[in-house]
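Okay, structure first, notes after.
There are 2 protein chains.
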Amino acid sequence: MSIQKRRERERADRERLIVTAARDLAEAEGWDAVTTRRLAAEIEYSQPVLYSHFKGKGAIMAAVAVRGCEELTAELRASTAAAGGARARLAAVGRAYTDFGRRRPALYDAMFTHLVDLPFATPEAPAPLQEAFGELLRAVEPVAREGEDLALLTETFWAGLHGLVTLMRSGRLPEETHTRRLALLIARFAPQDGTP
Amino acid sequence: MSIQKRRERERADRERLIVTAARDLAEAEGWDAVTTRRLAAEIEYSQPVLYSHFKGKGAIMAAVAVRGCEELTAELRASTAAAGGARARLAAVGRAYTDFGRRRPALYDAMFTHLVDLPFATPEAPAPLQEAFGELLRAVEPVAREGEDLALLTETFWAGLHGLVTLMRSGRLPEETHTRRLALLIARFAPQDGTP
DNA sequence: AGCGAGAGTCTAGCAGTGCTAGCCATCCTG
DNA sequence: CAGGATGGCTAGCACTGCTAGACTCTCGCT
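Chains as they are written, first to last, in the working numbering: chain A, 1084 to 1279; chain B, 1084 to 1279.
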């Protein structure tokens, strides 16, 4: 009875350990460095243990991605808290989002670039994921116009941010001018200075 | 003398063969299917021949990307030719761009997603690449406002399109509503119906 | 207390990857 | 027609994700 519980608890602990190790390793040296052997060594278990917890490397990345969403949500939420006015809030959330993408590239890739079999734009999407989107949505809502679908508008704004992050990160856009591009995006989504 | 020329010509032919085979294979079965062995078999040479032409697989993908830019440029140019009015032109180029990304996913990834060591936002960028950007720039130019940097605005618009394509392609955004998201993006960059 | 059963972990290996060293044949030059 | 350089091939390295099968250690029951 209690032994069973302890076992499950230890198992859950180890699963968390795997996800944490994968995330740390990816952030330190990139996802290419996260091999199953390396990861196994990191957690001080043998390779097959990973497969008793996850279906494969992709599933581990998905787990990292879900946890990354929680961090992103927290940062987006914190950014809008201190911002007054519709435009300022949109700018704040945009800055927080792109900062996250630049500061945590490996985490960001797991969440939004790499192919991981996570349901996204459906009700079955993991809760942390929906919450992150919800934070964006709350910031976009005040600048939506008559007749515009709020969810679709948020998705479009999100795409803009995502494009900025990925193109910059892959060297297609210069880092130095990022702030000005972000300002242009904000200006197009929240035209004049909104209500204070 | 002439023998030298024939040799160089044959070599160039084979190099084109490699790039074409890589592109076709990638478009047919995705980049994961493009292994050096498979590619070598496709061109009916042994593996090491690939490395006498290119530094590695990345360089082959880069070559495919450059050629892809030529195709993209052509499609963007064709799309704007038949469109009258600033907004219609922007919408046309946006549609052409995203259509390209959806119809040629492997080509698109080589160009804008995968890490290939190509200089991008510098004067040393390959000509086809600069031309493709130039086509976008021509479409954005009429909707730029006073004091806005045209190049930066084009980059921002590009990021929006790129985000739409990649998020949709990786299953983060539903395909069905793509047209409406694109319309929202266009509406934000070219607010009212422009001059006819 | 001691034994059978089963859960859990490890070693070893498979099929595949990108890439390269070194041999061999082929063709051009003197 | 011999000699040499060019160029392609075979074979192999170190690595990847993933898995089969043996092994050990713990638990529950008589």
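For glycine and all other residues, C-beta sits at the position ideal for the given N, C-alpha and C.
Where residue i meets chain B, residues with beta-carbon distance less than 9 Å
i         : result
A:Glu1214 : None at all; the shortest Cβ gap to chain B is about 15 Å.
Closest residue to residue i among the options (Cα-Cα distance)
i         : options                                       : result
A:Ile1269 : A:Arg1170, A:Trp1114, A:Gly1184 and A:His1261 : A:Arg1170
A:Phe1203 : A:Glu1224, A:Arg1172 and A:Cys1152            : A:Cys1152
B:Thr1118 : B:Arg1150, B:Met1144 and B:Gly1243            : B:Met1144
A:Leu1267 : B:Ala1227, B:Gln1275 and B:Arg1264            : B:Ala1227
B:Tyr1128 : B:Lys1088, B:Ile1101, B:Glu1258 and B:Arg1090 : B:Ile1101
A:Arg1264 : B:Gln1275, B:Ala1242, B:Ala1273 and B:Glu1091 : B:Ala1242
A:Tyr1225 : A:Thr1196, A:Arg1186, A:Phe1272 and A:Arg1099 : Residue identity check: residue 1225 of chain A is Pro in the sequence provided, not Tyr. Nearest of A:Thr1196, A:Arg1186, A:Phe1272 and A:Arg1099 to A:Pro1225, Cα basis: A:Phe1272.
B:Gln1213 : B:Arg1094, B:Arg1089, B:Arg1150 and B:Ala1104 : B:Arg1150
A:Ala1164 : A:Arg1221, A:Ala1104, A:Arg1094 and A:Arg1097 : A:Arg1221
B:Lys1140 : B:Ser1162, B:Gln1087, B:Ala1116 and B:Arg1160 : B:Ala1116
A:Val1308 : A:Pro1209, A:Glu1218 and A:Glu1259            : Outside the shown range of chain A (1084 to 1279) lies residue 1308 of chain A, about which nothing can therefore be said.
B:Thr1239 : A:Pro1131, A:Glu1258 and A:Glu1218            : A:Glu1258
A:Leu1236 : B:Thr1262, B:Leu1233, B:Gly1230 and B:Glu1110 : B:Thr1262
A:Ala1215 : A:Arg1172, A:Arg1160 and A:His1197            : A:Arg1160
A:Leu1367 : B:Thr1260, B:Pro1131, B:Gly1168 and B:Glu1098 : This structure does not reach residue 1367 of chain A, given that chain A is present from 1084 up to 1279, and the question cannot be answered.
B:Val1199 : B:Ala1111, B:Thr1103, B:Glu1110 and B:Ala1142 : B:Ala1142
A:Arg1187 : A:Leu1219, A:Gly1217 and A:Trp1114            : A:Trp1114
A:Leu1219 : A:Ala1105, A:Arg1089, A:Ser1162 and A:Glu1231 : A:Ser1162
B:Arg1185 : B:Glu1093, B:Glu1229, B:Leu1244 and B:Gly1168 : B:Leu1244
B:Pro1274 : B:Gly1217, B:Gly1168, B:Thr1196 and B:Tyr1180 : B:Gly1168
Closer than 8 Å at the beta carbon, the chain B residues around residue i
i         : result
A:Ala1169 : Those do not exist, as A:Ala1169 stays about 15 Å from chain B at its closest Cβ, beyond 8 Å.
A:Gly1246 : Trp1241, Ala1242, Gly1243, Leu1244, His1245, Gly1246, Leu1247 and Thr1249
A:Glu1231 : Leu1267
A:Arg1255 : Phe1195, Phe1203 and Ala1204
Contacts that residue i makes with chain B (C-beta to C-beta distance below 7 Å)
i         : result
A:Leu1235 : Thr1260, Arg1263, Arg1264 and Leu1267
A:Leu1198 : Ser1253
Partners in chain A for residue i, counting only beta-carbon separations shorter than 8 Å
i         : result
B:Arg1271 : Thr1239, Arg1271 and Phe1272
- Please specify which runs of the alpha helix (DSSP H), each continuous and at least 4 residues long, are wholly inside the region 1140-1171 of chain A, giving them in chain order. With a minimum length of 4 residues, the unbroken runs of alpha helix (DSSP H) contained wholly in the region 1140-1171 of chain A fall at 1140-1164.
- Message: Whether or not the region 1181-1195 of chain A and the region 1242-1250 of chain A are in contact is what I'm after, with contact meaning three or more pairs of Cβ atoms, one per stretch, closer than 8 Å; do they touch?
- Response: Taking 8 Å as the limit for Cβ pairs, the verdict is that the region 1181-1195 of chain A does touch the region 1242-1250 of chain A.
- Query: Okay, do the region 1254-1264 of chain A and the region 1197-1213 of chain B touch, 3+ Cβ pairs below 8 Å being the bar?
  - Reply: With a cut-off of 8 Å, the region 1197-1213 of chain B and the region 1254-1264 of chain A count as touching, because enough Cβ pairs lie within range.
- Decide if the region 1166-1186 of chain B is in contact with the region 1127-1146 of chain B; the criterion is three or more beta carbon pairs, one per stretch, under 8 Å apart. No, the region 1166-1186 of chain B does not touch the region 1127-1146 of chain B.
- Item | Start-end ranges of the alpha helix (DSSP H) lying completely within the region 1100-1132 of chain B, minimum 4 residues | 1119-1125, all fully within the region 1100-1132 of chain B.
- Message: For the region 1115-1130 of chain B against the region 1155-1165 of chain B, do three or more pairs of beta-carbon atoms, one drawn from each stretch, fall closer than 8 Å, so that the two count as touching?
- Response: The region 1115-1130 of chain B makes no contact with the region 1155-1165 of chain B: fewer than 3 CB pairs, one atom from each, lie closer than 8 Å.
- Task: At 4 residues or longer, and completely inside the region 1164-1241 of chain B: list those alpha helix (DSSP H) runs for me, N to C.
- Result: Complete alpha helix (DSSP H) runs here, min 4: 1169-1186, 1188-1195 and 1210-1223.
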